[in-house]
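In short: position in the sequence shown from 1, add 2, done, that's this note's numbering. Beta carbons are placed, not taken as given, at the ideal position from N, Cα and C, and that holds for glycine. Remember, it's a predicted structure, so these values are computed and weren't measured experimentally. For reference, the structure discussed in these notes is given below.
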Amino acid sequence: MSRHEGALPAGFDEPVFSEPWQAEAFAMTVALHDKGLFSWSEWADALSAEVKKPGAASDGHDYYEHWLAALEKLLAAKGVAGKSDVDTLAAAWERAAHATPHGKPILLENDPGQVD
Numbered sequence: 003m004s005r006h007e008g009a010l011p012a013g014f015d016e017p018v019f020s021e022p023w024q025a026e027a028f029a030m031t032v033a034l035h036d037k038g039l040f041s042w043s044e045w046a047d048a049l050s051a052e053v054k055k056p057g058a059a060s061d062g063h064d065y066y067e068h069w070l071a072a073l074e075k076l077l078a079a080k081g082v083a084g085k086s087d088v089d090t091l092a093a094a095w096e097r098a099a100h101a102t103p104h105g106k107p108i109l110l111e112n113d114p115g116q117v118d
C-alpha cells in the first residue's frame with residue numbers, strides 16, 4: 003500500500019460542496035446529461051454564459067448559484083420544465099421545509115399549500 007493511497011492532492015482539503023443543495027444540483031446535472039438531455043458542450047456553454055454575467059463574484063463563492071441558473075435555463079430550453087414550473091416546485095419545497103418538524107425528513111407531501 004502506497005503512503006499516498008487515499009490522500010487528497012495538495013489544496014483539496016476543503017469540501018467541494020459547502021451546502022447539500024450544491025451536491026444535489028451537481029448530481030442532477032450529471033444524471034440529466036447521462037440520460038441524453040444535453041451534451042457536455044451545451045452544458046459548458048450554458049454554465050459559461052451564467053458565470054460570465056456581470057455581478058458574478060470574483061472569488062467564485064456564487065459558482066453553484068450560476069450552476070443552478072444554467073441548469074434551470076437548459077431545462078426550460080429543452081422543454082422539460084419552464085421557470086414557472088421550477089419556481090412553483092421550489093416554493094412547495096420551501097413550504098414543506100417550514101412545515102416539517104426539526105430533525106424529520108422534508109417531504110413534498112408535507113407542503114401545507116398542496117392542492118389535491
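> DSSP three-state call for leucine 109: helix, strand or coil?
Replying inline: coil
### Message
My assumption, with CB atoms under 8 Å, is that leucine 49 sits in contact with tryptophan 23. Please give the rounded CB distance.
### Response
Rounded, the Cβ-Cβ distance is 16 Å, inconsistent with contact.
Whose CA, out of Ser20, Phe19, Met30 and Glu21, lies closest to the CA of leucine 77? Met30
Ends of the alpha helix (DSSP H) at proline 22?
22–36
Q) Taking C-alpha atoms, which residue in Gly84, Ser20, Gln116 and Asp89 lies nearest to glycine 62? A) Ser20
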